[in-house]
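Below is one structure, written out as structure tokens; the observations come after it.
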Amino acid sequence: DQQVKQNSPSLSVQEGRISILNCDYTNSMFDYFLWYKKYPAEGPTFLISISSIKDKNEDGRFTVFLNKSAKHLSLHIVPSQPGDSAVYFCAADRGSQGNLIFGKGTKLSVKP
Amino acid sequence: SQTIHQWPATLVQPVGSPLSLECTVEGTSNPNLYWYRQAAGRGLQLLFYSVGIGQISSEVPQNLSASRPQDRQFILSSKKLLLSDSGFYLCAWSEGYSNQPQHFGDGTRLSIL
């Protein structure tokens, strides 16, 4: 039973445009959400997070939006750059010792 | 600043052989520590986590075990590897309180022959 779902395995975007990565979750007990970026043969790198008491968090080119009623979050990257090409993982925390539940990832390709 | 070291980067082992993967964290004290596995085409699955020395919690039943002999050292072990143990193993740490991001090492690619 997948509690965190990333339904798009891949996404292709032109350089300079917006990339929107989506994530859905099923467990209403999740109270903290994170996005990670992963290059091949490396560990995931933390990008940005959001607490369930907020609906938006912004850090430079990255913005995460949370819609609790829809159990949906998204990551916006503006403007997209070729170096953003990687696999992006959404994760959710149940608040119990930081046990993150990860989605399966979305591979973003930003074309020059 | 905090750093996490994980080794080896790659490992090829025969079925039935033992395993020991080590992870150490620097620049912080009393972190939460985690072992994950990423199988091909799948997301990250939490295997073990630890909130202190000698305290290990297992998320899934398996052929592996974990130990935390020191505050910033986390070890993943197996007495006899199975083919199904192949995968990408990641160690991570976080601050020891809620709603903190986890920070990952570069992982170990384990291939069982």
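So the protein lines, in turn, are chains A and B.
Here the working numbering is used: the first residue of the first sequence is 195, the next is one more, and so on.
Here the working numbering is used: the first residue of the second sequence is 130, the next is one more, and so on.
Glycine residues also receive a C-beta, built at the ideal position from the N, C-alpha and C atoms.
In the DSSP assignment, find the beta strand (DSSP E) that holds residue i and state where it starts and stops.
i, result
"ASN261/A", "256-261"
"SER223/B", "216-223"
"ILE109/B", "Residue 109/B cannot be examined here, being either before or after the span of chain B that is shown, 130 to 242."
"ALA195/B", "194-199"
"ILE212/A", "Run containing ILE212/A: none; DSSP gives neither H nor E here."
"ASN161/B", "161-167"
"LYS301/A", "300-305"
"SER186/B", "184-187"
"THR139/B", "139-142"
"PHE203/B", "202-207"
"GLY181/B", "173-181"
Say whether chain B places a C-beta atom closer than 8 Å to the C-beta of residue i.
i, result
"GLY297/A", "yes"
"GLU209/A", "no"
"ASP253/A", "no"
"TYR219/A", "no"
"SER204/A", "no"
Is the CB-CB distance between residue i and residue j below 8 Å?
i, j, result
"GLY297/A", "GLY145/B", "no"
"ILE242/A", "PHE224/A", "no"
"ASN161/B", "ASP200/B", "no"
"VAL304/A", "PRO276/A", "yes"
"SER246/A", "TYR219/A", "no"
"ALA285/A", "LEU228/A", "yes"
"TYR178/B", "ASN251/A", "no"
When you compare the CB of residue i with every CB in chain A, is at least one pair closer than 8 Å?
i, result
"HIS232/B", "yes"
"ASN159/B", "no"
"TYR178/B", "yes"
"ARG171/B", "yes"
"GLY183/B", "no"
"LEU219/B", "yes"
Query raised in the report: Could you give the uninterrupted runs of the beta strand (DSSP E) lying entirely in the region 226-295 of chain A, keeping only those of 3 residues or more?
Result: 226-232, 239-245, 250-253, 256-261, 266-271, 280-287
Report task. Report yes or no: do the region 137-156 of chain B and the region 203-213 of chain B share at least 3 C-beta pairs separated by less than 8 Å? Result -> yes
Query raised in the report: Taking contact to mean at least 3 C-beta pairs separated by less than 8 Å, is the region 222-236 of chain B in contact with the region 215-235 of chain A?
Result: yes
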